[in-house]
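Asker:
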Ligand code: RIB
Ligand code: CA
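In my numbering, the protein residues as written are 8 to 346.
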């Protein structure tokens, strides 16, 4: 099983990504788990979930992460609150997209599982340094926590197997015409992490808006989730009902794009994606293009983005495309395993 740390800002799509990760984690303790494909179903050993200010405040993202863990039947998972604001810029939030409670206004019981007292950044550092195996990290929100961890303890780089990030846009953004939300919300953190890809040889893979906009939750795909007949499927379908309406209106999509679950899908089935190794950076100066992802050089399509990033002068593998039908097959099949 792959040791996995998840950093997120739930957030509707973060919530779906957490459920996908939970449904693909330790085989033995999921109710109703289908025997026989234990190898694939038990791909993750979730070491912990850190939360960050992003879509909504960190007080709300940590509460939402706990609500989703309980919905997924995993109240023993450890949830931590991380940074309450970006490194430099003034905080920006996205209640207008995710609702005031961050989960489309869908009501959840007050979580009974505790919030861990340790700061999320300190947990990331401690867990990475003590893990006997290299750890995969899924980044689903602004990159503040990972950036601070890398600044505070650069030696964690040697303990990181790979970092898969939802962020950036090679084409048009979704917050400004230039920038995608996670990179807009903390452009300096995004630059710190991308620079570490080259200077510290951390294996980074970016799933940008250009790819997540290919993963549209169409009415038929949402109906399949609602038809699962379990709380997870029904709750996800309800959260998606009014999600991403602005993007749908602007871009004529037949439903909301599911950004963050693409990160989990990449970790589970990288063959669903085509990637290219690139040299990329983030605009941190211009007020006009703040958070813009700049791709300086693109390599050829090379495998699934493995490699130390130093040998070829590139610093990140950027996804170019996704098999959307395959993605929704995986998502629906896995959510079916939950209660
Ligand atoms: O731009 C989409 C990203 O910003 C997603 O991670 C969404 O949850 C928000 O954090
Ligand atoms: Ca997110």
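Each residue gets a CB set at the ideal place from its N, CA and C atoms; glycine is no exception. Since this is a predicted model, take the numbers as computed values, not measurements.
1) Examine ligand 2 and report whether any of its heavy atoms sits within less than 7 Å of the Cβ of residue 148.
2) I think residue 298 touches residue 285, with their Cβ atoms under 8 Å apart; what is that distance to the nearest whole Å?
3) In whole angstroms, give me the CA-to-CA distance for residue 106 and residue 63.
4) Given this structure, state the Cα-to-Cα distance separating residue 341 from residue 114, to the nearest angstrom.
5) Report the start-end ranges of each alpha helix (DSSP H) in the region 247-279 that is 4 residues or longer and not cut off at the edges.
6) Reducing DSSP to helix, strand and coil, say where residue 113 ends up.
7) Say yes only if the C-beta of residue 71 is nearer than 7 Å to one or more non-hydrogen atoms of ligand 1, and no if none qualify.
8) Output the boundary residues of the beta strand (DSSP E) element that contains residue 52.
9) Report buried or exposed for residue 3, applying the criterion of at least 16 other Cβ atoms within 10 angstroms of its Cβ.
10) Starting from residue 198, trace the alpha helix (DSSP H) in both directions and tell me its first and last residue.
11) Cβ of residue 267 versus every heavy atom of ligand 2: is any distance shorter than 7 Å?
12) Where residue 38 and residue 10 are concerned, what is the direct C-alpha to C-alpha distance, given to the nearest angstrom?
13) Taking residue 125 as the reference, which of 109, 268, 147, 90 has the closest Cα?
14) With distances taken from CA atoms, which of 204, 263, 271, 181 is nearest residue 321?
15) Are there 16 or more other CB atoms within 10 angstroms of the CB of residue 198, so buried, or fewer, so exposed?
16) Quick check: the region 11-20 against the region 267-287, are at least 3 beta-carbon pairs closer than 8 Å?
17) Taking all protein chains shown into account, decide if residue 316 is buried (16 or more other Cβ within 10 angstroms of its Cβ) or exposed.
Answerer: Judging by the given coordinates:
1) yes
2) Incorrect: roughly 17 Å between the Cβ atoms, too far for contact.
3) 9 Å
4) 23 Å
5) 252-258, 268-275
6) Correct three-state label for residue 113: coil.
7) No, Cβ of residue 71 sits at least 7 Å from all heavy atoms of ligand 1.
8) 51-58
9) Any answer about residue 3 is impossible in this case: the structure gives the chain only from 8 up to 346.
10) 194-206
11) Yes, Cβ of residue 267 sits closer than 7 Å to a heavy atom of ligand 2.
12) Confidence in residue 38 is poor, its pLDDT being 49 and thus under 50, which makes the residue's placement unreliable; the coordinate value appears in the next sentence. In a straight line, the C-alpha of residue 38 is about 21 Å away from that of residue 10.
13) Selected option, being the one with the closest Cα: 90.
14) 204
15) buried
16) yes
17) With a pLDDT of only 44 at residue 316, under 50, the local geometry of the prediction cannot be trusted, and no value is derived from it.
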